[in-house]
Amino acid sequence: MKKIPVWGWAILILVVIGGVIGGKTYMDNQAFQKEMIKVAHSDEAKRIYEDDLKDIDPNALTEKGVIRSYKIDTDKIEHNPMGGITVVLVINDDATLTEIVGLDKDNGKLEYSNGGTSAELYDLTKNVKR
Numbered sequence: 660m661k662k663i664p665v666w667g668w669a670i671l672i673l674v675v676i677g678g679v680i681g682g683k684t685y686m687d688n689q690a691f692q693k694e695m696i697k698v699a700h701s702d703e704a705k706r707i708y709e710d711d712l713k714d715i716d717p718n719a720l721t722e723k724g725v726i727r728s729y730k731i732d733t734d735k736i737e738h739n740p741m742g743g744i745t746v747v748l749v750i751n752d753d754a755t756l757t758e759i760v761g762l763d764k765d766n767g768k769l770e771y772s773n774g775g776t777s778a779e780l781y782d783l784t785k786n787v788k789r
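Counting from 1, position 75 in the sequence shown corresponds to residue 734 in this note's numbering; the numbering is continuous, with no gaps.
So, in structure tokens, the structure goes:
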């Protein structure tokens, strides 16, 4: 049986250490993503979304409203580099009608931090009486 040289052992140790660190990082990111999804689907967050949608359309989520429904796009929930979470809402089951909502936790309370409306949603709601 051949003897493994010292540099071979060094490479093997580095590969194992890299695998352990990479695996831990991946698992930490998965746990962080699950926590963001949990926050994005919380009742507190849903109140924020609905208030935001009612700012765009006072009759949102009613029969009279242009905005009838919304859905959280779970695949697009992201950590905002400035802090907080960015959530994309799909309006009326139409992927072109989106509202982006930034959530941040200040003093233990979830709050709206920023957002944006897709051009298509803006066009649909620009004539809504506010």
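No residue lacks a Cβ here, since even glycine has one placed at the ideal position from N, Cα and C.
Item                                                                                  : Value
Distance CB(isoleucine 750)-CB(leucine 762) smaller than 8 Å                          : no
Short Cβ contact (8 Å threshold) for isoleucine 696 with threonine 733                : yes
Which of helix, strand or coil DSSP assigns to lysine 768                             : strand
Residues bridged to glycine 775 (per DSSP)                                            : Ile759
Lysine 713 CB to nearest heavy atom of the ligand MG below 7 Å                        : As far as ligands go, the structure on display features none, and thus does not contain the ligand MG.
DSSP-derived helix/strand/coil call for lysine 730                                    : strand
Spatially closest choice to lysine 768 from Thr684, Asn688, Ile707, by CA coordinates : Ile707
C-beta contact flag for valine 725 and threonine 784 at 8 Å                           : yes
Under 8 Å between C-beta atoms of glycine 774 and valine 787                          : no
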